[in-house]
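K.L.:
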Amino acid sequence: MLSSLSSNCSPITSDENVSICETEPTPELPAAMYVALAIYLFLLSLFGILVNGAFIYLYFSRKEIATVSNLYVVALCFCGFLISTLGVPFAAASCIRHEWIFGDGLCKLHGFLLTGLGIVMIALLTGIAVDKYIYIVRYHAHHKVTKSVAMAIIVSCNIYGIIWGILPLFGWNKYTLEPARLTCSVEWTGDISNHSYAITILFTGLLIPVGAIAYLYSTILQRVHSQRIVSQRLVSGSRKQIMIKREKKVAMTLFFMGPSFLRGFRIQFMVFYVYSVTVRIFLLCGILYRLCLQKPRFFGIL
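Counting from 1, one number per residue, gives the positions in the sequence shown under UniProt numbering.
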C-alpha cells in the first residue's frame with residue numbers, strides 16, 4: 001500500500017510548478033507503529049517543554065544560578081523549548097494522519113526553524129566548551145568573560161544559525177519532506193547545489209565544532225589531571241579526597257557532554273532529529289514487516 005499525497009500541499013510558484021510535498025510515495029507503516037510513534041513524540045514534546053521550561057524558570061527566579069556560564073545553558077534550553085513546542089508536535093500530529101498535513105508553507109517554516117535552531121544549539125555547545133576551557137585552563141582571563149560578552153556570543157550563535165537556516169529559502173538547497181513524509185528538512189539528494197550545501201554544513205556544522213570541542217575538553221582534562229598531581233604533594237589526605245571527587249565530577253561532565261553533542265547531530269541537527277531518526281526506524285520496520293508477509297521464504301520463515 002502506497003502512501004497518498006497530502007491534500008493540504010499546495011503548489012509553489014516556481015518554474016517547475018510542483019509542490020515540495022510531491023515526493024515519491026513510500027510504503028506506509030503498520031497503523032500500530034504510527035500510533036506508537038505519535039505517542040512517543042507527544043511524550044518527547046511534553047518532556048522537552050517541562051524540563052527546558054523548568055530550567056528557564058529557575059534561572060530567572062534564583063539569583064544563585066544566574067551565572068555567566070549558565071547563560072549559555074539557558075540559551076540552549078530556549079532552543080530546546082522552541083523545538084519541543086514548534087517542531088515535535090507537528091510530526092506527532094502528522095503521525096495520526098500517516099503523512100504531513102500542514103502544507104508547503106509550514107513545511108518550509110518547520111524545516112527552517114529546526115535547521116536554524118539545530119545549528120544554534122551546536123554553536124552554543126561549542127561556546128560552552130570555550131567557556132569551560134577559559135575557566136579551567138586560562139583562568140586568569142575568565143574575569144573578562146562578562147555577561148555582556150556571553151550575550152554577544154549567544155547573539156552571534158543565533159545569527160549564525162538563522163543565516164544557515166534561511167539559505168535554502170533563497171535557492172541554496174530547499175526544504176522538503178523526508179522519505180517518511182512526517183517531517184521536513186533540507187534536500188540531501190539532487191543537483192550540485194543541494195550537495196554543496198550539505199557538504200558545507202557537514203564541515204561548518206559538525207566536523208569543525210566536534211574537532212574544537214574534542215581539543216578543548218581534552219586540554220581541560222589534561223590540566224585538571226596535572227593540577228591534581230601537583231596538589232596531592234601539597235595537601236592533606238582529606239583534601240586529596242575532595243580534589244579527587246572534583247576531578248571525577250569534571251570528568252563525568254565532559255563524558256556526558258561529548259555524547260550529548262554527538263547525539264545532537266544527525267544528517268541535520270539536534271533534538272528534532274531524534275524523532276526524525278525514530279521515524280526512519282519505524283519506516284524500516286514497516287517495510288520489513290510487509291516483506292515478511294509477502295515473501296516469507298526469502299527471510300527463511302517457512
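Just so it is clear, CB atoms sit at the ideal spot from N, CA and C, and this is done for glycine as well.
For Phe182, which of helix, strand or coil comes out of DSSP?
P.N.:
Within the sequence shown, numbered from 1, the residue matching residue 182 stands at position 182. Reading off the sequence, residue 182 comes out as Leu, not Phe. Three-state result, Leu182: coil.
K.L.:
How many angstroms separate the CA atom of Ile166 from the CA atom of Tyr160?
P.N.:
Walking along the sequence shown from the start, residue 166 turns up at place 166. Walking along the sequence shown from the start, residue 160 turns up at place 160. Cα to Cα, Ile166 sits roughly 10 Å from Tyr160.
K.L.:
In this structure, how does DSSP classify Thr115 when only helix, strand and coil are distinguished?
P.N.:
Within the sequence shown, numbered from 1, the residue matching residue 115 stands at position 115. If DSSP states are grouped into helix, strand and coil, Thr115 belongs with the helices.
K.L.:
What does the alpha-carbon distance come out to for the pair Thr85 and Met151?
P.N.:
As a position in the sequence shown, residue 85 is number 85, starting the count at 1. As a position in the sequence shown, residue 151 is number 151, starting the count at 1. Cα to Cα, Thr85 sits roughly 24 Å from Met151.
K.L.:
Buried or exposed, going by whether 16 or more other CB atoms sit within 10 Å of the CB of Leu50?
P.N.:
Against the sequence shown, residue 50 aligns to sequence position 50. So Leu50 ends up on the exposed side.
K.L.:
What's the gap between the Cα of Glu64 and the Cα of Val149?
P.N.:
For the purposes of this step, residue 64 is taken as the residue at position 64 of the sequence shown. For the purposes of this step, residue 149 is taken as the residue at position 149 of the sequence shown. Using only the alpha carbons, I get a separation of about 20 Å.
K.L.:
Using the Cα positions of His143 and Cys77, report the straight-line distance between them to the nearest angstrom.
P.N.:
Here residue 143 is taken as the residue at index 143 of the sequence shown, counted from 1. Here residue 77 is taken as the residue at index 77 of the sequence shown, counted from 1. In a straight line, the C-alpha of His143 is about 25 Å away from that of Cys77.
K.L.:
Would you please state the rounded distance, in angstroms, between the beta carbons of Cys157 and Leu117? I believe it to be under 8 Å.
P.N.:
Numbered from its first residue, the sequence shown carries residue 157 at position 157. Numbered from its first residue, the sequence shown carries residue 117 at position 117. About 11 Å; that fails the 8 Å criterion.
K.L.:
Between the C-alpha atoms of Val210 and Tyr34, what's the straight-line distance to the nearest angstrom?
P.N.:
Position 210 of the sequence shown holds residue 210. Position 34 of the sequence shown holds residue 34. When rounded, the distance between both Cα atoms is 34 Å.
K.L.:
Check whether the stretch 97–111 and the stretch 180–189 touch, using three or more Cβ-Cβ pairs below 8 Å as the test.
P.N.:
Yes, the stretch 97–111 is in contact with the stretch 180–189.
K.L.:
Looking only at its own chain, which residues have a Cβ that is under 7 Å from the Cβ of Ile199, when we skip the five neighbours before and after it?
P.N.:
Taking the sequence shown and counting its residues from 1, the one referred to as residue 199 is at position 199. Cβ neighbours of Ile199 beyond the five flanking positions: none.
K.L.:
Taking all protein chains shown into account, do 16 or more other C-beta atoms lie within 10 angstroms of the C-beta of His98, making it buried, or fewer, making it exposed?
P.N.:
Counting from 1 along the sequence shown, the entry for residue 98 is found at position 98. Its Cβ being crowded by 16 or more others within 10 Å, His98 is buried.
K.L.:
Please report how far the alpha carbon of Gly205 lies from the alpha carbon of Ile128, in whole angstroms.
P.N.:
Along the sequence shown, read from residue 1 onward, the residue named residue 205 stands at position 205. Along the sequence shown, read from residue 1 onward, the residue named residue 128 stands at position 128. Approximately 16 Å, taken between the alpha carbons.
K.L.:
Spatial neighbours of Tyr59 within its chain, please: C-beta separation below 7 Å, excluding the five flanking residues on both sides.
P.N.:
Indexing the sequence shown from 1 puts residue 59 at position 59. Counting only Cβ-Cβ distances below 7 Å, and skipping sequence neighbours, we find Ile65, Ala66, Asn70, Val74.
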